[in-house]
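Asks:
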Amino acid sequence: MKRTTTPPLLIRGADVLGEGTQDVLLVDGRIAAVGTQARDDAPTGTGTLHAEGLVLLPGLVDLHTHLREPGREDAETVESGSQAAAAGGFTAVLAMANTSPVTDTAEIAETVLDLGRRAGYVDVHPVGAVTKGLAGEELAELGLMHRSRARVTVFSDDGRCVHDARLMRRALEYVKAFDGVVSQHAQDPRLADGTACCHEGELSGRLGLPGWPAVAEEVVVARDVMLARHTGSRVHIAHVSTAGSVEVVRWAKKQGIDVTAEVTPHHLMLTQDLLAGYDPTFKVNPPLRPTEDALVLQEALADGTIDIVATDHAPHARQDKEHAFVDAAFGMLGLETALGVVSTLMVQPGRMGWADVARVMSTAPARIARLSTQGQGITPGAPANLTLVDPTRKGTVDRALSKSLSRNNPWHGRELVGAPHLTLLRGRVTAREGLVWGGEA
Amino acid sequence: MKHLLSIADLSAQEITSILDTAVSMHEVQDRDVKKLPTLRGRTIINFFFEDSTRTRSSFEIAGKWMSADTINLTGKGTSVSKGESLRDTVLTIAAMGVDMMIVRHPASGAPQQIAQWVDCSIVNAGDGTHEHPSQALLDAYSLRRALGELTDRHVAIVGDLTHSRVLRSNLLCLRKLGAAVTVVAPPTLMPSGIASWAAADGFAVSYDLDAVLPTVDAVMMLRVQRERMSGGYFPTAKEYAVTYGLTSGRLARLPAHAVIAHPGPMNRGLEISADAADAARSLVLDQVSAGVAVRMSILYHLLAGEGNAQ
Ligand SMILES: [Zn+2]
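These protein sequence lines are chains D and C, in that order.
Take 35 as the starting number for the first sequence in the numbering used here and just add one per residue.
Take 29 as the starting number for the second sequence in the numbering used here and just add one per residue.
Listed below in structure tokens is the structure:
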């Protein structure tokens, strides 16, 4: 890979993690100095970035992204998804395994890794499938994927639940050898089958849509934390959507079980009533839940029961969404709006500070995925993977402006406050106010 | 009124107006020449993505008797399998110059979605487990003919409520007309959230058919599919028939004036006994013949508007 040298950069007067104004000097892709030192150490030729009023965070890390390549390049490519990620303030994404072919071998994992490097906007880390072809029957080559250049540490059959208890147990045990983690899409397929698409309750009853009961998620979360306790392994619960799941995770953490959990921006902010008009834009798995659940999820994020925000960015081509509701594809876009949603919903009302945002959108996801060059503190020596946020910028989401190839954006027309201003990958600008800058040559 | 998508969109007045017009349409059925010029030059597409001979022929006859050009299309095997979206499929048809599309679709909400994509009138002829508004209107028509005004009349709706679009439309329609409604089924065949739904819309929920029957003016039996047994909704056909079927014994205990309705097709011996189905108080055949009149009235209200009836 050709290395282009990035000129040194002095970020002046940024609010570092929302905790105080500092100057930060970036040299050779790393943080060289912080504070008064920064200006003194700046070599000649250092560019200056006036960042007064902006908040500096470690670059955002998304533990749950669907990039669709290989297989559905009409919906998203690694390149277009990486651009959307950079525009959203991300410096690393974990690309889910449900591509076509499935990422269940070292070769496919390395292909995705290389596509990410070639695009150069964010670090793309492939997630490996837990089972071959996501079929839920035999373990995929977990160890070989880990030993590959892609160094896979996160495994998930996302889109499907690893519902066989014995197989889930084996997967949890097996990944211990290399400190891997299994990310579970919790959905008991007998309680919520593939047609289930609306939170089960009065609304699903009235709309005549197949119900997706909360308990179908909760029984799997409960089982998996018990399996994690039994095996002493790390389990991660993807897109927690119900109050009951939060209760189970809270209990498990109290027991010292090694469980982490994520919530999506849409389960935090959007609720089931959006389904009343049968608009497939709002069809997602697990489904949007009642307001009561969303409120519990917000609380659990604020108090740390839920560790991270993950986007579950799920682009779909137009023709896959423009069907009758039950026939349309599951999923919504999320990379470009995640920060704005967390800012609008949690930071603006004072329920979380920017240091908390750094934890739930960068440090903790990087730690769960064992990424050593992401989610670090803003301290000398750390890689310059950084996001500058404009905490007061208001904007109305316009799906036409997305970097994603798809348009299934549930936030279209909504006003969000707080937006990524600048994204830096190893000291190089990858996105500025929604515009992306050429990838690495 | 441009579309008929859900009974929820109609006021009590609009429902009554459709039922009143249906009375005069019904008279056409007794004429030698069954033809009104009302919809001459209008094109109506029966777009059925799911088989339903009964509903389709009923709409087709209604259209023909009103002189519309009616065309039948089956949407089975189109869209999803060919990689074409539902939106593309209906836009293609609508582009041919159609005044109305009568849509039957196995997916709940499909007619509502289609109405947002095209300019012509859309009639929901049954969508998944959501609604079947023309059926509810013809049921109300039949009940009104048998019982007079439905205000404060008590109707029990019994059977597989979870999977019934007829239930949802009938609940809305009967409540708007002022009837009291009790829904009866085993808990496994009740729609989810039924308790809060009942509280919001003012109807009653019961698991005990014998307790409800003596208080009704009409009982509407819904079809129960035997396949539900394999889904674990109830143990055996025998147990269902004994517990929730309109058996001969229950027929004898119905109030003398009470009538029996069933939107069909019936499972004789499961939800309804043969003697109940064929009883003098059974409205089953009335419902079928009322179907054409009510659908003529619906076409009239959507396409012709006030003052054009002949
Ligand atoms: Zn998932």
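For glycine and all other residues, C-beta sits at the position ideal for the given N, C-alpha and C.
None of the values given here were measured: they were computed from a predicted structure.
Is any heavy atom in ligand 2 found nearer than 7 Å to the beta carbon of C:N152?
Replies: With respect to small molecules bound, the structure shown includes ligand 1 and not ligand 2.
Asks: Over what stretch of residues does the alpha helix (DSSP H) that includes D:E144 continue unbroken?
Replies: As a first step, residue 144 of chain D is located in the first sequence; it is residue number 110 there, counting from the start. 140–153 is the span of the alpha helix (DSSP H), which, as asked, contains D:E144.
Asks: Just curious, the alpha helix (DSSP H) that C:F87 is in, first and last residue?
Replies: Translated into positions along the second sequence, residue 87 of chain C becomes position 59. That run of the alpha helix (DSSP H) goes 81–93.
Asks: Counting C-beta neighbours from all protein chains within 10 Å, is the total for D:H264 16 or more, i.e. buried, or is it exposed?
Replies: Sequence index remark: in the first sequence, residue 264 of chain D carries index 230 (1-based). Label assigned to D:H264: exposed.
Asks: Please list, in chain order, the residues of the region 345–379 of chain D that have any C-beta partner in chain C closer than 9 Å.
Replies: Within the region 345–379 of chain D, the qualifying residues are R352, Q353, D354, K355, E356, H357, A358, F359, V360, D361, A362.
Asks: Residues of chain C with CB closer than 9 Å to the CB of D:E234, please, in chain order.
Replies: Taking the first residue of the first sequence as position 1, residue 234 of chain D is located at position 200. Near D:E234 (Cβ distances below 9 Å), the residues of chain C are S220, G221.
Asks: Contact between the region 65–72 of chain D and the region 391–401 of chain D: three or more CB pairs below 8 Å?
Replies: They do not touch, by the three-pair rule.
Asks: Short check: CB of D:L422 to CB of D:L88, under 8 Å?
Replies: Residue 422 of chain D sits at position 388 when you count from the first residue of the first sequence. Residue 88 of chain D sits at position 54 when you count from the first residue of the first sequence. Contact: yes.
Asks: If we cut at 8 Å on Cβ distances, does C:H31 have a partner in chain D?
Replies: For the purposes of this step, residue 31 of chain C is taken as residue 3 along the second sequence, with counting starting at 1. Not an interface residue.
Asks: Taking the alpha-carbon positions, what's the D:G30 to C:A36 distance?
Replies: Lying outside 35 to 475, the shown extent of chain D, residue 30 of chain D is not represented and no answer is given.
Asks: For C:P139, does the count of other Cβ atoms within 10 angstroms reach 16, so buried, or fall short, so exposed?
Replies: If you number the second sequence from 1, residue 139 of chain C lands on position 111. When all chains shown are included, C:P139 counts as buried.
Asks: I need the boundaries of the alpha helix (DSSP H) containing D:G278, first residue and last residue.
Replies: To locate residue 278 of chain D, count along the first sequence from 1; it is residue 244. First-last of the alpha helix (DSSP H) with D:G278: 277–288.
Asks: Quick check on the DSSP output: the alpha helix (DSSP H) that includes D:G115 runs from which residue to which?
Replies: As a position in the first sequence, residue 115 of chain D is number 81, starting the count at 1. Looking at the DSSP string, the run of the alpha helix (DSSP H) that includes D:G115 is 112–121.
Asks: Buried or exposed: which applies to D:G79, given that a residue is buried once 16 or more other Cβ atoms fall within 10 Å of its Cβ?
Replies: Walking along the first sequence from the start, residue 79 of chain D turns up at place 45. The residue is exposed, with fewer than 16 neighbouring Cβ atoms inside 10 Å.
Asks: Closer than 9 Å by beta-carbon distance: list the chain C residues that pair up with D:S238, in chain order.
Replies: Locating residue 238 of chain D in the first sequence gives position 204, where the first residue counts as 1. What D:S238 touches in chain C: P219, S220, G221.
Asks: In whole angstroms, give me the CA-to-CA distance for D:T55 and D:L83.
Replies: In the first sequence, counting from the first residue as 1, residue 55 of chain D sits at position 21. In the first sequence, counting from the first residue as 1, residue 83 of chain D sits at position 49. Straight-line Cα distance between these residues: approximately 14 Å.
Asks: If you scan the region 354–415 of chain D from start to end, which runs of the alpha helix (DSSP H) of 4 or more residues do you find wholly inside it?
Replies: Those alpha helix (DSSP H) runs which fall completely within the region 354–415 of chain D and span 4+ residues are 372–376, 388–392, 398–402.
Asks: Does the beta-carbon distance from C:A135 to C:F87 come in below 8 Å?
Replies: Start at 1 with the first residue of the second sequence, and residue 135 of chain C comes out as number 107. Start at 1 with the first residue of the second sequence, and residue 87 of chain C comes out as number 59. Against a cut-off of 8 Å, the Cβ pair of C:F87 and C:A135 comes out as no contact.
Asks: Could you say if the region 266–283 of chain C and the region 319–330 of chain C meet the contact criterion of at least three C-beta pairs nearer than 8 Å?
Replies: At 8 Å Cβ cutoff, the stretches do not touch.
Asks: Give a yes or no on whether the C-beta atoms belonging to C:L250 and C:I185 are separated by under 8 Å.
Replies: One-based indexing of the second sequence puts residue 250 of chain C at position 222. One-based indexing of the second sequence puts residue 185 of chain C at position 157. Yes; because the gap between Cβ atoms is below 8 Å, this pair is in contact.
Asks: Answer with buried or exposed for D:R224, where buried requires no fewer than 16 other C-beta atoms within 10 angstroms of its C-beta.
Replies: As a working mapping, residue 224 of chain D is identified with position 190 in the first sequence. Per the 10 Å Cβ criterion, exposed.
Asks: For the region 455–466 of chain D and the region 47–63 of chain C, state whether three or more C-beta atom pairs, one from each stretch, are separated by less than 8 Å.
Replies: Touching, no.
Asks: In the DSSP assignment, the beta strand (DSSP E) including D:H98 goes from what residue to what residue?
Replies: The count along the first sequence starts at 1 and reaches residue 98 of chain D at position 64. Start and end: 94–99.
Asks: Kindly identify the DSSP beta-bridge partner or partners of D:R200.
Replies: As a position in the first sequence, residue 200 of chain D is number 166, starting the count at 1. For D:R200, which the question treats as bridged, DSSP gives no partner whatsoever.
Asks: I believe D:G368 touches D:L450 by the beta-carbon criterion, under 8 Å. Please report the beta-carbon distance rounded to the nearest angstrom.
Replies: Counting from 1 along the first sequence, the entry for residue 368 of chain D is found at position 334. Counting from 1 along the first sequence, the entry for residue 450 of chain D is found at position 416. Actually they are not in contact, since the Cβ atoms of D:G368 and D:L450 sit about 12 Å apart, beyond 8 Å.
Asks: Using only the alpha-carbon positions, how far apart do C:Q144 and C:L175 sit?
Replies: Counting from 1 along the second sequence, the entry for residue 144 of chain C is found at position 116. Counting from 1 along the second sequence, the entry for residue 175 of chain C is found at position 147. If you take the alpha carbons of C:Q144 and C:L175, they lie about 38 Å apart.
Asks: Under 8 Å between beta-carbons, which chain D residues line up against C:G111? List them in chain order, please.
Replies: Here residue 111 of chain C corresponds to residue number 83 of the second sequence, with the count starting at 1. What C:G111 touches in chain D: Q353.
Asks: Can you list, in chain order, the stretches of the alpha helix (DSSP H) that have 4 or more residues and sit fully within the region 50–109 of chain D?
Replies: Whole alpha helix (DSSP H) segments, 4+ residues: 70–75.
Asks: Who are the near neighbours of D:Y155 in its chain, counting only those whose CB is closer than 8 Å to its CB and skipping five residues on each side?
Replies: The residue labelled residue 155 of chain D in the question sits at position 121 within the first sequence. The answer, listed in chain order, is E113, S116, Q117, A119, A120, L459, T464, A465, V470, G473.
Asks: Does DSSP put C:K62 in a helix, a strand or coil?
Replies: Position 34 of the second sequence, counting from 1, holds the residue named residue 62 of chain C. If DSSP states are grouped into helix, strand and coil, C:K62 belongs with coil.
Asks: What distance in whole Å lies between the Cβ atoms of C:H285 and C:D245, which are believed to be in contact at a cut-off of 8 Å?
Replies: If you number the second sequence from 1, residue 245 of chain C lands on position 217. If you number the second sequence from 1, residue 285 of chain C lands on position 257. Indeed, because the Cβ distance is near 7 Å, the residues count as touching under 8 Å.
Asks: For a quick check, are the C-beta atoms of D:Y312 and C:G292 less than 8 Å apart?
Replies: As a first step, residue 312 of chain D is located in the first sequence; it is residue number 278 there, counting from the start. As a first step, residue 292 of chain C is located in the second sequence; it is residue number 264 there, counting from the start. Contact flag unset, no.
Asks: Should D:R106 be labelled buried (16 or more other beta-carbon atoms within 10 Å of its own) or exposed?
Replies: Locating residue 106 of chain D in the first sequence gives position 72, counting from the first residue. Under this definition D:R106 is a buried residue.
Asks: Select from C:M29, C:T44, C:K30 the residue whose C-alpha is nearest the C-alpha of C:L171.
Replies: Position 143 of the second sequence holds residue 171 of chain C. Among C:M29, C:T44, C:K30, the Cα nearest to that of C:L171 is on C:T44.
Asks: State buried or exposed for D:M179, treating a residue as buried only when at least 16 other CB atoms are found within 10 Å of its CB.
Replies: The sequence position of residue 179 of chain D within the first sequence is 145, counting from 1. The residue in question, D:M179, is buried, as its Cβ has 16 or more Cβ neighbours within 10 Å.
Asks: So what does D:P454 bridge to, in DSSP terms?
Replies: By one-based count along the first sequence, residue 454 of chain D stands at place 420. Its beta-bridge partners are D:V423.
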